[in-house]
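Residue numbers (this note's numbering): 1 to 393.
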């Protein structure tokens, strides 16, 4: 429409195509879940200083940040399927190049490029799913998507005990997963929405100004995700838990993330995206306060971690659904790219800031460092807000 506002369609969501896209991403994320601990263990095994291990890992979110503004422009020049296949192929090649060398300087470049190619596939897939889904079921669709993504990341690390981290076996498993994702993507060539023919006129910063709540939701979800992956086991060890129990604690939190996204998406369809974000943010804030109190009490710790992990990531699930509700056309694609940008910023800011605080103040700072951004987000959500219309690019 000329005023940039469009009405919601009443066409039913094409579930087989949506589930096919989610299936592609599920296989893709298994390799990503494998890669994080794999590369850290390899670097540690060859005697790399921990500071350099952290800096090297930061190159992936840096690649996400730098590449985010490029994909909306690229998407207007080629087919969406072709761009997705290009990103998938690039990710495969970069991953195998990492496996072929132990030269740290080259790993910095390769992991930066890995972040860029990963980001492209996520931007395209999330834009596709939002375009294909219907407003009345979008929360559930995004809940399924978030569940499958989390499950892929969860499965990845369990491959390492089977393959070890030395030599080619773990990289060959990753290669097989990438090839499987490509084979699943092939039949979708003529069935996916196109981005081509749309002139990109916006900017990621413009989107962030238009949708500050959604943007902050993505940032704090990434912040939480990366901080707990890095520091929850260390926090547990600092409170006297064994290494096995510390790892199990992280696993329980990830399982909560996996199992709670679909119910939260259903709730977002039944109530509102805003209410679900507020509920999840408040719940996460309570989890931050409770963690120091329950850390030595397994009967309370496991349910706390389960709910905590699901609630923290629930703000991202609700934000994805609201993105499709509010935006279409190039602004939807720009919003997906902005989400990638905010994820990259949160992924870098989280471990870096908490690492510095923990160095000087000890691991007791861990739950408070997570609570502060969620507390600010709650305050933002409690401000009066007006209903918004759907905006086209």
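In this text, a Cβ means the ideal position worked out from N, Cα and C, and glycines have one as well.
Just so it is clear, the structure is predicted and the values come from calculations on it, not from any experiment.
How about residue i and residue j: do their beta carbons lie closer than 8 Å?
i	j	result
residue 367	residue 288	yes
residue 85	residue 185	yes
residue 369	residue 227	yes
residue 65	residue 140	no
residue 267	residue 342	no
residue 394	residue 178	With the chain running from 1 to 393 in the structure shown, residue 394 is simply not present.
residue 69	residue 330	no
residue 181	residue 27	yes
residue 357	residue 173	no
residue 324	residue 133	yes
residue 54	residue 351	yes
residue 121	residue 91	yes
residue 256	residue 61	no
residue 192	residue 25	no
residue 271	residue 291	no
residue 338	residue 215	yes
residue 116	residue 224	no
residue 354	residue 231	yes
residue 269	residue 50	no
residue 210	residue 37	no
When you compare only the Cα positions, how much space is there between residue i and residue j?
i	j	result
residue 286	residue 259	20 Å
residue 375	residue 382	11 Å
residue 98	residue 336	28 Å
residue 314	residue 43	33 Å
residue 48	residue 328	46 Å
residue 45	residue 162	18 Å
residue 176	residue 32	13 Å
residue 131	residue 207	18 Å
residue 361	residue 56	24 Å
residue 233	residue 301	13 Å
residue 282	residue 273	14 Å
residue 378	residue 319	14 Å
residue 212	residue 101	42 Å
residue 295	residue 194	49 Å
residue 127	residue 380	26 Å
residue 276	residue 321	11 Å
residue 114	residue 164	22 Å
residue 205	residue 278	24 Å
residue 40	residue 158	15 Å
residue 326	residue 332	8 Å
residue 168	residue 93	14 Å
residue 199	residue 80	In this prediction, residue 199 scores a pLDDT of 48, lower than 50, which makes its location untrustworthy; the coordinate-derived value is nonetheless stated afterwards. About 14 Å.
residue 125	residue 14	15 Å
residue 364	residue 264	30 Å
residue 372	residue 170	38 Å
residue 245	residue 190	48 Å
residue 317	residue 310	10 Å
Is residue i helix, strand or coil when you go by DSSP?
i	result
residue 165	coil
residue 327	strand
residue 57	helix
residue 195	coil
residue 42	helix
residue 225	helix
residue 63	helix
residue 336	helix
residue 297	coil
residue 14	coil
residue 75	helix
residue 29	helix
residue 68	coil
residue 317	helix
residue 48	coil
residue 362	coil
residue 351	helix
residue 7	At residue 7, the pLDDT of 34 sits below 50, so the modelled position is not reliable; the number obtained from the coordinates is stated separately. Correct three-state label for residue 7: coil.
residue 383	coil
residue 206	helix
residue 20	helix
residue 375	helix
When every heavy atom of the ligand COA is checked, does at least one fall within less than 7 Å of the C-beta of residue i?
i	result
residue 364	Questions concerning the ligand COA fall outside what the structure shown contains, since it holds no ligand whatsoever.
Checklist line | 4 or more residues per run - each alpha helix (DSSP H) lying fully within the region 78–156 | finding: 80–100, 104–132
Next item on the list: Give a yes or no on contact between the region 103–112 and the region 129–149, applying the rule of three or more CB pairs nearer than 8 Å.
Entry: no
Notebook entry, point to check: What are the uninterrupted segments assigned as alpha helix (DSSP H) that are 4 or more residues long and contained completely in the region 210–284, given in chain order?
Noted result: DSSP assignment within the region 210–284 yields the following whole alpha helix (DSSP H) runs of 4 residues or more, N-terminal first: 212–238, 243–270.
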